[in-house]
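The opening residue of the sequence shown carries number 113 in this note's numbering; numbering runs sequentially from there.
Since the structure comes first, as structure tokens, the remarks are kept for the end.
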Amino acid sequence: MAISRTDAQRRWVALQTERSSWIAHWRELSDYLLPRSTRFYKSDRNKGTKRHNAIFDNTASRSLRVLAAGMMSGMTSPARPWFRLALPDEDLMDYAPVKSWLAETQKRMLNVFARSNTYLMLHAVYEELGAFGTSAALVMDDYDALIHHYQSPVGEFALATDYRGNVNTIYREFEKTVSELVAEFGLEACSRTTQNLYRSGNLDAWVPVIHGVEPRTDRDITRRDGKNKPWRSVYFEPGSEGEGLLREGGYDRFPGLAPRWHKMPGDVYGNSPGMEALGDIKQLQHEQLRKANAIDYQTKPPLQVPASMKGRDLDYLPGGVTYVDAPGAQNAVATLFDVRIDLQHLLFDIEDVRGRIRSAFYADLFLMLASSNTARMTATEVAERHEEKLLMLGPVLERLHNELLKPLIDETFFRMVAANLVPPIPEALQGAELDVEFVSMLAQAQRAIGVNGIDRFVGNVGAIAQMRPEVLDKLNVDRWADHYADMLGVDPDLIVASEDVVMIRQQRAQAQAQAQQMQQIQAQADAAAKLGTVKTNEANAASDLIGMFSGYGGV
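Spelled out as structure tokens, the structure:
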């Protein structure tokens, strides 16, 4: 059943009302962190006025950039594989045709991401998550790159969730030019105001548009057209009373990506490191302003001047001379009060506040090795520091895997299947359920925490084996190799399949048996050759041995 423009407008107003309590907080965060990355008014686009007036110290902004870059390179680096397709059935995963198909599909999917604007979108999402705790983007079809992402800045979108707390509704308000609207939706679908602008030649005028994606509960499941798909997509011009929609369509799956950095139960929008550090950020700006005032007091202090000098010029430059009528102390030019201020304690506190801000944005994690004051660190020390920091970042990674990266991979895979961009599916995979494993640097670093225990176990077994070799019987080296490679994210192409290992070992055993047989034959041939050269008609050990048995053959 089609939705009316009035119903769509009513839903947008309700979502705005639900979001309204977050706006003031987001505005304050924007002022101190990302003054140009929000859009609280639809007309905020392409405004070049100065917006960084509240920032006297950019430590917070630089720490946020480190966080976004660290998440980008650590979770979804364009330079290396950061996920792999897998199966719940480990035995099926070891089947060579299946393993090859999974690897080839993964490579093609990474190529789709590289050709589209996926990585640009992801970096913007990480930056907004660090500042505001919530971000939103839509995965749309694209003729050239298969997919294209439309990332909405904070203030432009509003969200709603289902009963499990998962985002299932995204509404966003933005502006398009008259020419863009007519080209995308057709002149007849536009409002009368837009039609008049088009006919008068005012093609560059900006028109507000609202786009909503939400579940469609009143659909005919026997029909497969756009107006009966599980997810509704609706475009309309707000304020055009009595007029219809620009377009109503649908999706088979929810195309939205709406991750939250951290979320409390029942909340729609998330919390962020920026919210946690906001007090320190404001304190840092205040202290920097006071430090600048203190320096001004010392370099250009307030003066007391004789009344007779009123209206006369004073020369403040070094070496300048100012003439006064009375040279007495009570009439001389002097400082109004003592301005000898010790800035050392203020500088110490400023550095302490900067450290708290960097820690809140995990800049100390991502720059741990680069900013370390320790000249030499052992591998154990590095591993322990990684483990300590990653324990704090672990819940965030899990949430981003579930709310951002897995939906992105799923949407891309289904579009690749529809576009016939995946290799022919092996018969063994028919009906099988695919899974996603993340092998990025951060994901592997968390997995590597478990590797430390395996290393200690294998090391201790090796030490005991020097005294009691039979302890090696307790170590399944094949399972150790597979498990260790999996935890480190080693490319499956570098690991020999189990069935191939069996064949290799059989061939090696046969070769060894043949080598031993050849050695025995060679030894027998050497012995026979040596025996044939012995002279039996002379006195030697061989003739004596023959003589011992002579006569036994007679009658």
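From the three backbone atoms N, C-alpha and C, an ideal C-beta is built for every residue, glycine too.
Given the structure is predicted, the values throughout are model-derived calculations rather than measurements.
query                                                                                                                                                                 : result
Cβ of T281 less than 8 Å from any chain C Cβ?                                                                                                                         : Going by chain labels, chain C is absent from the structure shown, which holds only one protein chain.
Compute the Euclidean distance between the alpha carbons of L141 and S185, then round it to the nearest angstrom.                                                     : 25 Å
Would you mind giving the Cβ-Cβ distance between H261 and M233, rounded to the nearest angstrom? I have them listed as a contact below 8 Å.                           : 4 Å
Which same chain residues end up closer than 8 Å to S291 when comparing Cβ atoms and leaving out the 5 residues on each side of it in sequence?                       : Y310, L315, D316
Is it the case that the region 181-198 contacts the region 411-430, given that we only count it when at least three CB pairs across the two stretches are under 8 Å?  : no
I'd like the span of the beta strand (DSSP E) that includes Y283, first residue to last.                                                                              : 279-289
DSSP on Y310, reduced to helix/strand/coil?                                                                                                                           : helix
Please name the residue or residues paired with N572 in a DSSP beta bridge.                                                                                           : The partner list for N572 (beta bridge, DSSP) is empty, contrary to what the question assumes.
Pull up the DSSP beta-bridge partners for M252, would you.                                                                                                            : H260
Check this for me: beta carbons of S384 and Y363, under 8 Å apart or not?                                                                                             : no
According to DSSP, which residues form a beta bridge with V319?                                                                                                       : K288
So, are the CB atoms of P320 and E349 less than 8 Å apart?                                                                                                            : yes
Would DSSP call R117 helix, strand or coil?                                                                                                                           : helix
Pull up the distance between the alpha-carbon of E463 and that of R131, whole angstroms please.                                                                       : 36 Å
If I'm right that R151 touches G267 with Cβ under 8 Å, what's the distance once you round it to whole angstroms?                                                      : 5 Å
Please classify R328: is it buried, with 16 or more other beta-carbons within 10 angstroms of its beta-carbon, or exposed?                                            : buried
The alpha helix (DSSP H) that contains E240, what's its start and end?                                                                                                : 230-244
Roughly how many angstroms lie between the CA atoms of A531 and T306, to the nearest whole one?                                                                       : 36 Å
From this set, T281, G351, E360, T273, which residue's C-alpha is nearest S380's C-alpha?                                                                             : Here residue 380 turns out to be Val, not Ser, going by the sequence shown. The candidate whose alpha carbon is nearest that of V380 is T273.
In whole angstroms, give me the CA-to-CA distance for A404 and V465.                                                                                                  : 17 Å
Please say whether S471 and T188 have beta carbons closer to each other than 8 Å?                                                                                     : no
Would M183 be called buried (16 or more neighbouring beta carbons within 10 Å of its own) or exposed?                                                                 : buried
When we look at the beta-carbon of P377 and count the other beta-carbons within 10 Å, is it buried (16 or more) or exposed?                                           : exposed
Residues in its own chain within less than 6 Å of T334 by CB, not counting five upstream and five downstream?                                                         : none
How do the region 233-246 and the region 384-404 stand: do at least 3 beta-carbon pairs fall below 8 Å, yes or no?                                                    : yes
Ignoring anything shorter than 4 residues, give me the alpha helix (DSSP H) runs that lie fully in the region 343-416, in order along the chain.                      : 385-411
Assess contact between the region 280-288 and the region 534-549, defined as three or more Cβ pairs (one per stretch) separated by less than 8 Å. Is contact present? : no
Can you tell me which of A577, V570, Q578, E582 puts its alpha carbon nearest to the alpha carbon of R591?                                                            : V570
From this set, E240, F225, L396, which residue's C-alpha is nearest R148's C-alpha?                                                                                   : E240
Pull up the distance between the alpha-carbon of A625 and that of P536, whole angstroms please.                                                                       : 42 Å
If you follow the beta strand (DSSP E) that R196 is in, where does it begin and where does it stop?                                                                   : 195-198
L145: which of T217, A180, L127 sits nearest, CA to CA?                                                                                                               : A180
Starting from the N-terminal side, write out each stretch of the beta strand (DSSP E) that is 3 residues or longer and does not extend beyond the region 152-189.     : none
Starting from E549, trace the beta strand (DSSP E) in both directions and tell me its first and last residue.                                                         : 547-550
Could you tell me the distance, in whole angstroms, from the CA atom of A597 to the CA atom of E216?                                                                  : 19 Å
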